[in-house]
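Below is one structure, written out as structure tokens, with a few remarks after it.
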Amino acid sequence: MEQRTFQEQESIRRDKLAKLIKLGIYPPIKLYRQNFNLISLKNNYKSLSKEEILKKNRTNLKLTGRVMMIRDQGKALFILVRKQEGEMQVYLRKDNLKDQDFQAAKLLDIGDIIFTNGTLFKTNTNELTIKANKFLILTKGLRPLPEKYHGLKNIEDRYRKRYIDLIVNNEVKDIFIIRTKIMNEIRKVLNRKGYLEVETPILQPLITGAAAKPFKTFHNSLKQEFNLRIATELPLKRLLVGGYDKVYEIGRIFRNEGISIKHNPEFTSLELYESYSNLERMIDITENIIVNLNNKLNNGKNLVYQENNINFNKPFRKIKMIDLINEVVKVDFRKIKTFSEAKEIAKKSNIELKSHHISIGHIINEFFEQKCEQILIQPTFVLDYPVEVSPLAKRIENNINFTYRFELFIHGREYANAFSELNDPDDQYSRFLGQLEEAKKGNDETNEMDLDYIEALEYGMPPAGGMGLGIDRIVMLFTNQKSIRDVLLFPHQRNK
Numbered sequence: 074m075e076q077r078t079f080q081e082q083e084s085i086r087r088d089k090l091a092k093l094i095k096l097g098i099y100p101p102i103k104l105y106r107q108n109f110n111l112i113s114l115k116n117n118y119k120s121l122s123k124e125e126i127l128k129k130n131r132t133n134l135k136l137t138g139r140v141m142m143i144r145d146q147g148k149a150l151f152i153l154v155r156k157q158e159g160e161m162q163v164y165l166r167k168d169n170l171k172d173q174d175f176q177a178a179k180l181l182d183i184g185d186i187i188f189t190n191g192t193l194f195k196t197n198t199n200e201l202t203i204k205a206n207k208f209l210i211l212t213k214g215l216r217p218l219p220e221k222y223h224g225l226k227n228i229e230d231r232y233r234k235r236y237i238d239l240i241v242n243n244e245v246k247d248i249f250i251i252r253t254k255i256m257n258e259i260r261k262v263l264n265r266k267g268y269l270e271v272e273t274p275i276l277q278p279l280i281t282g283a284a285a286k287p288f289k290t291f292h293n294s295l296k297q298e299f300n301l302r303i304a305t306e307l308p309l310k311r312l313l314v315g316g317y318d319k320v321y322e323i324g325r326i327f328r329n330e331g332i333s334i335k336h337n338p339e340f341t342s343l344e345l346y347e348s349y350s351n352l353e354r355m356i357d358i359t360e361n362i363i364v365n366l367n368n369k370l371n372n373g374k375n376l377v378y379q380e381n382n383i384n385f386n387k388p389f390r391k392i393k394m395i396d397l398i399n400e401v402v403k404v405d406f407r408k409i410k411t412f413s414e415a416k417e418i419a420k421k422s423n424i425e426l427k428s429h430h431i432s433i434g435h436i437i438n439e440f441f442e443q444k445c446e447q448i449l450i451q452p453t454f455v456l457d458y459p460v461e462v463s464p465l466a467k468r469i470e471n472n473i474n475f476t477y478r479f480e481l482f483i484h485g486r487e488y489a490n491a492f493s494e495l496n497d498p499d500d501q502y503s504r505f506l507g508q509l510e511e512a513k514k515g516n517d518e519t520n521e522m523d524l525d526y527i528e529a530l531e532y533g534m535p536p537a538g539g540m541g542l543g544i545d546r547i548v549m550l551f552t553n554q555k556s557i558r559d560v561l562l563f564p565h566q567r568n569k
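Just add 73 to the spot in the sequence shown (first one is 1) and you have the numbering used here.
Have a look at this one:
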């Protein structure tokens, strides 16, 4: 093995580590923990005068955290200690500490993790500070932290070394705290409404539930190929057949597709299904989830996202797909009766078609995706999708070429997708056959035939509604992030 070499600053830190070990005070053997809430402490004491704080005699304050600033004044030091919930200044004075504690303090570097115990006071600049009577270095940082504004500028390095990004950029840390709040709030809404949270398998034998390319793997014991799931839809609907009325799952989904500011191959999705429900019910619950998030995270105000004001007042706009196309590009698909006519209009409108786009429904969907999606800034439910692109959604009874389906768009991006669920096993079998035909014509994002699911439907699934919501995009929206990679702790990166 090659001998490791160290930069100058790393060598200096390792020399300090050796001195700490020689002093017999590193690594500490006991467990040291903080004994107060930093936010509460600051809220309770920030408005008090220096004299009032001294009268309170707030002693025995035990603080742990990472040192982010050091001002060495010879026989005293001021240090700034950072915690997840904020920062606290500490005053280390030689005549107030044991000799070995002050020796440890003089070996301190930015990035070290420390413990201190002391008394609260206010400095002449009115900064709440702990005057230490005990000090320990719990963990010696052996690499210097990058400077906040100059040392970690490359965005790829920030993603690759997210742990450093989190140390030096508090605003990045806040994104992921908000992410957790979002998932907790969604769970609260669904749990209050009587939904049961469940878990379904990540390894699936078939590609079903969405239009996407899978990651493939091999199960050695079963001697069988599996796919990482591209959706949780069919396992969850099997649970409706089994007698559960309301189920949901928040979990990872895997799609072997491109990486962009909108897409990551591994992402988090909510899917929920409700028996004796329909598309209207799914519209209600989708609005409720998003409006509740805006109330909790944004005090119910208009949300500013990428310089656009987003209004979340209910009800959100609703428009049928063919009406939106007519509104935007002045093409009325109610008057187009043949595929050749639709294809000719698509050509004149510079709509790119592929070999598996073999029906008017496919062309309608391409008009929408290529000409309309990006203009939907305010929350909009786009309704009535063609049956060809909705193989798991129920047909509209008096317009069987279209389905009870919506997608919710905000700021030109899809956030939710919902159906009145198809529960007719014969129609579902026919739809799967149609997907197989598309695959033969070059569509590599089709569902496979799932005969077990057909069998489940033959036992009877209640009329149902279902909805999927992209958690990552919701986090992007409420943290004003442009790229999905900014809301993933460890986004996928190409090896260096």
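We put the CB at the ideal spot given by N, CA and C, even for glycine.
Quick caveat: nothing in here was measured; it's all calculated off a predicted structure.
Start and end of the beta strand (DSSP E) containing residue i?
i	result
K444	Note, K444: premise wrong, no beta strand (DSSP E); not H, not E.
D185	Premise fails: D185 is in no beta strand (DSSP E) and is neither H nor E.
G543	537-543
R77	Run containing R77: none; DSSP gives neither H nor E here.
K207	201-212
Y321	319-327
M394	Looking at the DSSP string, M394 is not in any beta strand (DSSP E); the run it does join, the alpha helix (DSSP H), is 394-402.
Throw me the rounded Cβ distance for the residue i and residue j pair, which I believe falls under 8 Å.
i	j	result
E158	I112	5 Å
K232	P564	The displayed chain sequence assigns Tyr, not Lys, to residue 232. Indeed, because the Cβ distance is near 5 Å, the residues count as touching under 8 Å.
N375	I383	6 Å
T305	A491	Going by Cβ atoms, the distance from T305 to A491 rounds to 14 Å, so no, they are not a contact pair.
L180	K89	4 Å
R131	T192	7 Å
E494	K310	6 Å
D457	M394	6 Å
F188	T137	5 Å
E511	H429	5 Å
V570	I448	Limits of the chain in this structure are 74 at one end and 569 at the other, which puts residue 570 out of reach.
Which stretch, first to last residue, makes up the alpha helix (DSSP H) that contains residue i?
i	result
P217	Premise fails: P217 is in no alpha helix (DSSP H) and is neither H nor E.
F385	No alpha helix (DSSP H) holds F385; DSSP gives it neither H nor E.
Y526	524-531
N365	352-371
R233	228-233
N197	Taken as a continuous stretch (DSSP letters only), N197 belongs to no alpha helix (DSSP H), as it is neither H nor E.
Q508	498-513
Put residue i into one of helix, strand or coil per three-state DSSP.
i	result
R478	strand
P308	helix
S113	helix
Q554	coil
E347	strand
M141	strand
I424	coil
H292	strand
T253	helix
L269	strand
L127	helix
D457	strand
L96	coil
E521	coil
E470	coil
Go through its chain and collect everything with a Cβ distance to residue i's Cβ below 8 Å, but skip five positions before and after it.
i	result
V314	A529, L530, Y532, G533, M534
E83	L215, R216, P217
P459	M394, S432, I433, G434, H435, I437, N438, N474, F475, T476
L45	This structure cannot settle anything about residue 45, because the visible part of the chain is limited to 74 through 569.
K266	K319, I358
In chain order, what residues of the same chain have a beta carbon less than 7 Å from the beta carbon of residue i, not counting five sequence neighbours either side?
i	result
M256	I323, I544
Q107	K135, L136, T137
Measuring only from the beta carbon, is residue i closer than 6 Å to any heavy atom that is part of the ligand COA?
i	result
N242	With respect to the ligand COA, the structure offers nothing, as it holds no ligand at all.
Count the other CB atoms within 10 Å of the CB of residue i; is the residue buried (16 or more) or exposed (fewer)?
i	result
V377	exposed
A479	Sequence inspection shows Phe at residue 479; the Ala mentioned does not correspond to that position. Result: buried.
S342	buried
Q146	exposed
L170	buried
I85	exposed
R504	buried
M355	buried
Y349	exposed
D559	buried
Q277	buried
T453	buried
R567	exposed
L96	exposed
P100	exposed
Under 6 Å Cβ to Cβ from residue i, same chain only, skipping five residues before and after it: list those, please.
i	result
A415	I409, I433, I436
V271	V320, E322
A205	V163, L165, T189, G191
F288	L301, F327, N329
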